[in-house]
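Structure record follows, encoded as structure tokens.
Protein chains: 2
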Amino acid sequence: MKKNSIKTSEKKIRSKNEVKILNAAVLLFSKKGYDGTRFMDIAKASELPKANVYYYFANKNEIYERLIENVLQGWDNAFEHINLDLEPSQAISAYIGAKLDYARVHTIESRFFAHEMLRGGEFLTRKQRQHIREVTRKHEHVLEHWISQGKIRDISPQHFFIMLWASTEFYANFTNIVELTLEKRKLTKKDFDVARETIVSNILNGCLVK
Amino acid sequence: MKKNSIKTSEKKIRSKNEVKILNAAVLLFSKKGYDGTRFMDIAKASELPKANVYYYFANKNEIYERLIENVLQGWDNAFEHINLDLEPSQAISAYIGAKLDYARVHTIESRFFAHEMLRGGEFLTRKQRQHIREVTRKHEHVLEHWISQGKIRDISPQHFFIMLWASTEFYANFTNIVELTLEKRKLTKKDFDVARETIVSNILNGCLVK
DNA sequence: CAAAAACTTGACCAAAGTGTCAACTTTTAT
DNA sequence: ATAAAAGTTGACACTTTGGTCAAGTTTTTG
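Chains as they are written, first to last, in numbering that gives the first Met the number 0: chain A, 0 to 209; chain B, 0 to 209.
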């Protein structure tokens with residue numbers, strides 16, 4: 000009890016301010032990327048004097064790296080509960096739904112990561128790359144299993160997953176184009192539902208009437 | 000003959016240097032976006048003194064706007080020959096193939112445009128947005144026609160096209176993730192071929208064995 | 001409650017970036 | 001050939017940015 004209260008209170012100010020800074024930063028990075036974001040802008044958006052932000056983070060780099068970690072962690076948390084042991088149609092529907100939910104709710108983080116990819120993923124550590132690779136490989140194995148069972152057609156699991164990521168993340172990263180296409184000022188939950196139906200039905204059934 | 004030679008020679012130096020500058024700029028913008036790119040870096044990459052670049056373009060803005068125009072123009076040229084009057088399977092295959100070819104060959108331009116979208120598409124003029132909208136609408140009509148003919152299932156044409164753009168552009172914008180997934184150091188034409196087969200077969204037939 | 005640790009901040013500096021200009025060279029037109 | 005137009009460039013002035021620091025205040029700890 001005592002120990003716990005010490006531990007939490009001891010870190011209260013720091014953690015509160017770090018959160019303020021990181022939230023401000025991820026929004027800025029999501030719009031302008033690493034190189035386009037000024038340290039001073041992060042300080043302003045955090046509503047803290049620049050020198051105070053320097054007290055918590057040595058430089059922009061450190062903020063950025065923390066955000067990369069956070070986003071990857073959030074990504075893990077969001078998708079580890081997806082059960083790929085179900086039947087293909089169930090599992091794939093759930094996966095697409097979860098990815099679209101993530102795109103809708105965690106738009107900022109998605110765009111932040113999109114910037115990192117556009118710049119070549121230089122900030123990803125070897126460990127982080129490897130982790131991504133392992134998670135993906137696990138998914139591929141499930142798909143291969145379904146293929147061997149004759150439950151789905153014989154396609155490239157890698158390209159299949161890329162197609163799912165692309166189709167879902169597009170709604171977070173390129174919201175503008177989606178809004179322009181749908182002729183909507185702002186995307187609603189309903190729009191994401193239609194997206195889900197379209198993607199799921201296309202992926203599962205194909206678009207040609209048989 | 001005379002007139003023509005006057006016209007071309009009169010503009011030779013200018014156009015040569017503008018091309019140098021624009022080529023250097025689009026590469027930098029494609030990596031770091033508008034805000035992340037310094038005017039001086041464009042000059043260095045162009046192998047021209049900064050003051051010389053200022054002689055051709057008043058500022059970074061002007062360079063960027065020219066590039067937006069160029070990319071939209073190139074986009075038009077690349078896809079206006081796509082014949083959507085064919086049978087659905089033929090037309091859709093060709094469309095996906097063309098989009099993937101564009102992603103492979105015009106990677107830089109794709110990424111440049113991706114940055115513009117991530118920053119909210121602020122640089123697109125009303126006219127340009129409208130043009131994009133019109134081209135898209137035309138495609139949608141074709142799809143609606145096919146639906147009314149019972150040739151393809153009743154799905155949202157908008158979301159269907161978004162799915163096609165997303166699945167193909169992903170290979171240009173997020174090459175890193177693709178390379179990581181495929182465990183390749185560099186994507187080859189062959190990789191794009193497999194991508195095409197996977198996307199086309201999935202879109203046309205769906206992934207479930209019937 | 002006193003000392004230590006944690007936190008805050010204005011002021012400052014050096015480096016980098018933006019944009020201008022006048023003097024110069026090269027190209028073009030007559 | 002020569003004047004006008006087009007192109008080139010070093011140097012300069014001004015602004016923005018990144019980063020430090022010392023002197024303060026607040027919070028925690030024993």
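Ideal placement from N, C-alpha and C gives every residue a C-beta, glycine not left out.
For a test of the three-state rule: what should DSSP assign to residue i, helix, strand or coil?
i, result
"residue 4 of chain A", "Low confidence applies to residue 4 of chain A: its pLDDT is 34, below 50, so where it sits in the model is not reliable enough to give any reading."
"residue 246 of chain B", "Since the first residue of chain B shown is 0 and the last is 209, residue 246 of chain B is not available in this structure."
"residue 197 of chain A", "helix"
"residue 80 of chain A", "coil"
"residue 156 of chain A", "helix"
"residue 113 of chain B", "helix"
"residue 58 of chain A", "coil"
"residue 167 of chain B", "helix"
"residue 105 of chain A", "coil"
"residue 207 of chain B", "Because the pLDDT at residue 207 of chain B is just 40, under 50, the model does not fix this residue reliably, and the point stays unresolved."
"residue 98 of chain B", "helix"
"residue 133 of chain A", "helix"
"residue 123 of chain B", "coil"
"residue 118 of chain A", "coil"
"residue 66 of chain A", "helix"
"residue 86 of chain A", "coil"
"residue 26 of chain B", "helix"
"residue 75 of chain B", "helix"
Give me the residue from the options with the minimum Cα distance to residue i.
i, options, result
"residue 172 of chain A", "A:111, A:139 and A:75", "A:111"
"residue 20 of chain B", "B:44, B:10, B:36 and B:12", "B:44"
"residue 284 of chain A", "A:53, A:87, A:16 and A:61", "For chain A, the structure presents residues 0 to 209; residue 284 of chain A sits outside this window and is missing."
"residue 151 of chain B", "A:144, A:51 and A:204", "A:204"
"residue 69 of chain A", "A:18, A:92, A:143 and A:119", "A:18"
"residue 188 of chain B", "B:159, B:167, B:100 and B:117", "B:100"
"residue 178 of chain B", "A:169, A:158 and A:196", "A:158"
"residue 169 of chain A", "B:24, B:116 and B:47", "B:116"
"residue 174 of chain A", "B:63, B:143 and B:113", "B:113"
"residue 62 of chain B", "B:74, B:27 and B:163", "B:27"
"residue 118 of chain A", "B:13, B:36 and B:10", "B:36"
"residue 80 of chain B", "B:98, B:65 and B:160", "B:98"
"residue 71 of chain B", "B:192, B:165 and B:124", "B:124"
"residue 92 of chain A", "A:160, A:176, A:12 and A:186", "A:160"
"residue 12 of chain B", "B:51, B:42, B:83 and B:64", "B:51"
"residue 145 of chain B", "B:66, B:186, B:83 and B:46", "B:83"
"residue 176 of chain A", "B:141, B:197, B:142 and B:133", "B:133"
"residue 85 of chain A", "A:184, A:185, A:142 and A:197", "A:142"
"residue 153 of chain A", "B:197, B:149 and B:184", "B:197"
Would you mind reading off the limits of the alpha helix (DSSP H) that contains residue i?
i, result
"residue 51 of chain A", "49-55"
"residue 186 of chain B", "Looking at the DSSP string, residue 186 of chain B is not in any alpha helix (DSSP H), and its letter there is neither H nor E."
"residue 10 of chain B", "Residue 10 of chain B -> no alpha helix (DSSP H), and no H or E assigned at all."
"residue 38 of chain B", "38-45"
"residue 178 of chain A", "174-181"
Quick one: measure Cβ to Cβ for residue i and residue j, integer angstroms, because I've assumed they're closer than 8 Å.
i, j, result
"residue 22 of chain B", "residue 55 of chain B", "Rounded, the Cβ-Cβ distance is 13 Å, inconsistent with contact."
"residue 25 of chain B", "residue 108 of chain B", "7 Å"
"residue 38 of chain A", "residue 10 of chain A", "Residue 38 of chain A to residue 10 of chain A, Cβ: 24 Å. No contact."
"residue 166 of chain B", "residue 166 of chain A", "6 Å"
"residue 96 of chain B", "residue 195 of chain B", "6 Å"
"residue 181 of chain A", "residue 190 of chain A", "6 Å"
"residue 163 of chain B", "residue 53 of chain B", "Between residue 53 of chain B and residue 163 of chain B the Cβ distance is about 42 Å, and since that is not below 8 Å, they are no contact."
"residue 57 of chain A", "residue 48 of chain A", "That belief does not hold up - the Cβ atoms of residue 57 of chain A and residue 48 of chain A are roughly 16 Å apart, past 8 Å."
Using a Cβ-based criterion (distance less than 7 Å to any ligand heavy atom), does residue i qualify as near the ligand ATP?
i, result
"residue 78 of chain B", "This structure lacks the ligand ATP, and indeed carries no ligand of any kind."
| message | Between the stretch 25-33 of chain A and the stretch 30-45 of chain B, can you find at least three pairs of beta-carbon atoms closer than 8 Å? | response | yes
| message | Using a Cβ distance threshold of 8 Å, determine whether the stretch 124-133 of chain A contacts the stretch 102-116 of chain A, with at least three qualifying pairs required. | response | no
| query | Okay, do the stretch 189-202 of chain A and the stretch 134-142 of chain A touch, 3+ Cβ pairs below 8 Å being the bar? | reply | no
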